[in-house]
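These notes are about the structure you will find just below.
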Amino acid sequence: MKTIGIIGGMGPMATVDLMEKIIQETDAHEDQEHIPILVDNNTRIPDRTAAILGRGESPVPELLRSAKRLTEAGADFLIMGCNTAHYFLPAMLPHLTVPFLSIIDTAARFCQSQGFHKIGLLASAGTCKSGIYQKALQKAGISVLMPGREQESAIHNMIYEGVKAGKENYDTAAVECALASIKADGAEAFLLGCTEIPVAVRMYHIKGNFIDATDVLAKEAIRLAGAAIRA
């Protein structure tokens, strides 16, 4: 099997969630049947949303350092446990020496394969502003419903003030109102377009018809590594 390299630390809990999903979804019955995984939990990577909004330094140099460490350690291909960081992927690709599997592209293909026509996007402010999911989903023939300004702030705050801050009793009432509003506008499902949001859904027991982009990426990484997905 191929070795997976995870560029992580964005944030640490999202990194653990991605690795855990790869392990849980792999059809393995003993240690030796699991996929080798290398993780660089690089918490020095500058905040991606701040960089996109023009309020912080570029994360590209640290992202490339992680990629280099993983490649030199033996990773056969790379993935990132952060949706927003994929905005910087075009700047990274010329410097990579192994293939890169994009969470954005895999999630868009999955939504298309499931026959969705209208998707609500739940993501950080940086991901929403970057347009990376909107472009990928529209290319796949899927309309994207974006949260309004207050709704986007509620979702963003849950990511940063809830999950990233490790707050277990975060009040998600504003987020749940946002979900109800987007669903009323015609969303058939919600794409969890930030790797902290699946963690938030689990931590705060949020209900909805969710498409977990992290889970989609984990399954595609399993296939690319040459293993089978657990039935």
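For the sequence shown, counting from 1, position 78 maps to 396 in this note's numbering; every step adds exactly one. C-beta: ideal position from N, C-alpha, C; glycine also.
Which residue's Cα is closest to the Cα of residue i: the options?
| i | options | result |
| --- | --- | --- |
| Gly-484 | Glu-348, Ala-518 and Ser-448 | Ala-518 |
| Arg-362 | Cys-429, Arg-383, Met-521 and Glu-348 | Arg-383 |
| Val-357 | Ile-397, Gly-504 and Lys-457 | Ile-397 |
| Ile-450 | Tyr-405, Phe-418 and Leu-414 | Tyr-405 |
| Leu-381 | Glu-479, Ala-539 and His-413 | His-413 |
| Ile-355 | Asp-345, Ala-403, Asp-394 and Gly-372 | Asp-394 |
| His-523 | Asn-487, Asp-533, Pro-465 and Ile-547 | Asn-487 |
| Lys-501 | Ala-543, Val-481, Asn-527 and Gly-480 | Asn-527 |
| Gly-444 | Asn-360, Gly-392, Lys-386 and Thr-402 | Thr-402 |
| Gly-480 | Ser-442, Ile-529 and Gly-466 | Ser-442 |
| Tyr-478 | Val-534, Arg-366, Gly-433 and Leu-419 | Arg-366 |
Where do the N-terminal and C-terminal ends of the beta strand (DSSP E) with residue i fall, by residue?
| i | result |
| --- | --- |
| Gly-326 | 322-326 |
Measure how close the beta-carbons of residue i and residue j come, nearest whole angstrom, since I'm counting them as under 8 Å.
| i | j | result |
| --- | --- | --- |
| Asp-503 | Leu-463 | 5 Å |
| Glu-506 | Lys-447 | The pair is not a contact, with the Cβ atoms about 24 Å apart (cut-off 8 Å). |
Inset, instruction - Evaluate the contact criterion for the stretch 366-376 versus the stretch 400-409: three or more CB pairs, one atom per stretch, below 8 Å. - result: yes
Inset, instruction - Pick out the complete alpha helix (DSSP H) segments inside the stretch 464-542, 4 residues or longer, and give them in chain order. - result: 467-475, 491-502 and 515-522
Inset, instruction - Tell me the start and end of each unbroken alpha helix (DSSP H) in the stretch 402-456 that is at least 4 residues and wholly inside, in chain order. - result: 407-410, 421-431 and 443-448
Inset, instruction - Could you say if the stretch 512-525 and the stretch 326-334 meet the contact criterion of at least three C-beta pairs nearer than 8 Å? - result: The count of Cβ pairs closer than 8 Å, one atom from the stretch 512-525 and one from the stretch 326-334, reaches three, so the stretches are in contact.
Legend entry - Complete runs of the alpha helix (DSSP H) confined to the stretch 330-407 [at least 4 residues]: 330-343, 366-370 and 378-391
Inset, instruction - Please confirm if the stretch 462-471 is in contact with the stretch 420-431, defined as three or more CB-CB distances below 8 Å between the two stretches. - result: Contact fails: fewer than three Cβ-Cβ distances are below 8 Å.
Legend entry - Sufficient close CB pairs (3 or more, under 8 Å) joining the stretch 500-511 to the stretch 439-457: yes
Legend entry - contact_flag[the stretch 530-540, the stretch 489-503] where n(CB pairs < 8 Å) is 3 or more: These segments do not touch.
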